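Enquirer:
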Amino acid sequence: MNTRIYLDYNATTPLEPRVKEILISHLDSFANASSMHEDGRSVAKEIFTAREYVAALINAEGGDILFTSGGSESNNAVFNTMISPSLTRSTHLKELYGNRKTILISAIEHPCVMESAKKLEKLGFIVNLIPVDSNGLLDIDSYKNLLLSSKPLLVSIMMANNEIGTIQNIKELALLAHNEGALFHTDAVQAVGKIPVDVKDLNIDYLTLSAHKLYGPKGVGALYVKKGAPIEAFIKGGHQEKGLRAGTYNSPSIIAFGEAARIAREGLQFYETHTRRLRNKLRDGFLSVIPDIRINGHPEHVLPNTLDVSFPGA
Numbered sequence: 026m027n028t029r030i031y032l033d034y035n036a037t038t039p040l041e042p043r044v045k046e047i048l049i050s051h052l053d054s055f056a057n058a059s060s061m062h063e064d065g066r067s068v069a070k071e072i073f074t075a076r077e078y079v080a081a082l083i084n085a086e087g088g089d090i091l092f093t094s095g096g097s098e099s100n101n102a103v104f105n106t107m108i109s110p111s112l113t114r115s116t117h118l119k120e121l122y123g124n125r126k127t128i129l130i131s132a133i134e135h136p137c138v139m140e141s142a143k144k145l146e147k148l149g150f151i152v153n154l155i156p157v158d159s160n161g162l163l164d165i166d167s168y169k170n171l172l173l174s175s176k177p178l179l180v181s182i183m184m185a186n187n188e189i190g191t192i193q194n195i196k197e198l199a200l201l202a203h204n205e206g207a208l209f210h211t212d213a214v215q216a217v218g219k220i221p222v223d224v225k226d227l228n229i230d231y232l233t234l235s236a237h238k239l240y241g242p243k244g245v246g247a248l249y250v251k252k253g254a255p256i257e258a259f260i261k262g263g264h265q266e267k268g269l270r271a272g273t274y275n276s277p278s279i280i281a282f283g284e285a286a287r288i289a290r291e292g293l294q295f296y297e298t299h300t301r302r303l304r305n306k307l308r309d310g311f312l313s314v315i316p317d318i319r320i321n322g323h324p325e326h327v328l329p330n331t332l333d334v335s336f337p338g339a
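Position one of the sequence shown corresponds to residue 26 (our numbering), numbered consecutively onward.
1. If you check the beta carbons only, do Pro-199 and Ile-220 fall under 7 Å apart?
2. Nearest-angstrom Cα distance between Asp-33 and Leu-40?
3. Helix, strand or coil for Ala-185 per DSSP?
4. May I have the straight-line CA-CA distance separating Thr-233 from Tyr-249, to the nearest angstrom?
5. Taking the alpha helix (DSSP H) that Ser-159 belongs to, which residues open and close that run?
6. According to DSSP, Gly-246 sits in a beta bridge with which residue or residues?
7. Terminal residues of the continuous beta strand (DSSP E) containing Asn-321?
8. Please list, in chain order, all residues of the same chain as Asp-164 whose beta carbon is under 8 Å from its beta carbon, the five residues on each side excluded.
9. Tell me the residue span of the alpha helix (DSSP H) that contains His-326.
10. Can you tell me where the beta strand (DSSP E) holding Thr-211 begins and where it ends?
11. Counting pairs of Cβ atoms below 8 Å between the region 235 to 244 and the region 283 to 293, do you hit three or more?
12. Between the C-alpha atoms of Lys-261 and Ala-271, what's the straight-line distance to the nearest angstrom?
13. Compare the C-alpha of Pro-136 against each of Gln-294, Asn-186, Met-107 and name the closest.
14. Quick one: Cα of Leu-269 to Cα of Pro-255, how far?
15. Tell me which residues share the same chain as Ala-81 and place their Cβ nearer than 8 Å to its Cβ, disregarding the 5 neighbours each side in the sequence.
16. Please report the distance separating the alpha-carbon of Gly-310 from that of Asp-317.
17. Please tell me whether Gly-322 and Gly-161 are closer than 7 Å, where the distance is taken between their beta carbons.
Structure, rendered in structure tokens:
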């Protein structure tokens, strides 16, 4: 009998059994978390706990986490915020950012970042692509030159690439951006839950994460927004998420997301070590039996679970 082995975890992960149990058990908790009665308050309390778990995974404060439908929505929210400076920036922020209209993104961003940038370009923004080297690492000299010459409003660079797994030095890149007065966003969907991520240490303004990349349910994610960073209401019509993302809470999925974040944080060191060992074993096996293959991505700065291989003739 053939055994199928699933090796597409960067696209999505299965539900962790404990997360699945939490998700199913809360399908009967149907009360609206925004309702003032006891049932509603009970669900709201669970959402509060989930927010704290998600925040803890990236060393943030619960109040800095906004729940969304996933990584694409979170990324779009950041870019859409740049459109309406008069609505999103306080007097102090206007003084800092003025009428800046340049956006910098890396050449290997996820399509939801690429398309969001193209939308801004159609509205009069200037979008510059930062090149990467053959290993997928950002060309730091080009980056510095673009920062100096363009004085961007926003820099968006993914933390870890979803195809080749290369991990960028986000702390350094954010520091360079801030030194030139720019806001900094990172799409960390592929990184969170696989490697340590600390928003306070990185000193970034925005970070995107998604539940289904770390053994949680699909259709739920989060956006970290640093205190003081501008953010525009991306779905209007209700008071949820501080009025920034209206709509009745998808309570079971949010609560399950919190459980996935809690489990990921507790098991992060084991996951990283164990998965990297398996990855290296597979890589070494390929190299020993298949001639002329190419291992893509950075040899050291790479996600522990990701192996990208080119096979000759394929």
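The beta-carbon is built from N, C-alpha and C at its ideal position, and this holds for glycine as well. Predicted model, so just to flag it, every value in this text is computed and none were measured.
Expert: Based on what the coordinates show:
1. Per the sequence shown, residue 199 should be read as Ala rather than Pro. No.
2. 14 Å
3. strand
4. 6 Å
5. It is not in any alpha helix (DSSP H) - Ser-159 carries neither H nor E in the DSSP assignment.
6. Thr-93, Ser-235
7. 319 to 321
8. Ile-155, Pro-156, Val-157, Asp-158
9. First-last for His-326: undefined, no H or E at that position.
10. 208 to 212
11. yes
12. 5 Å
13. Asn-186
14. 11 Å
15. Ala-286, Arg-287, Arg-290
16. 13 Å
17. yes
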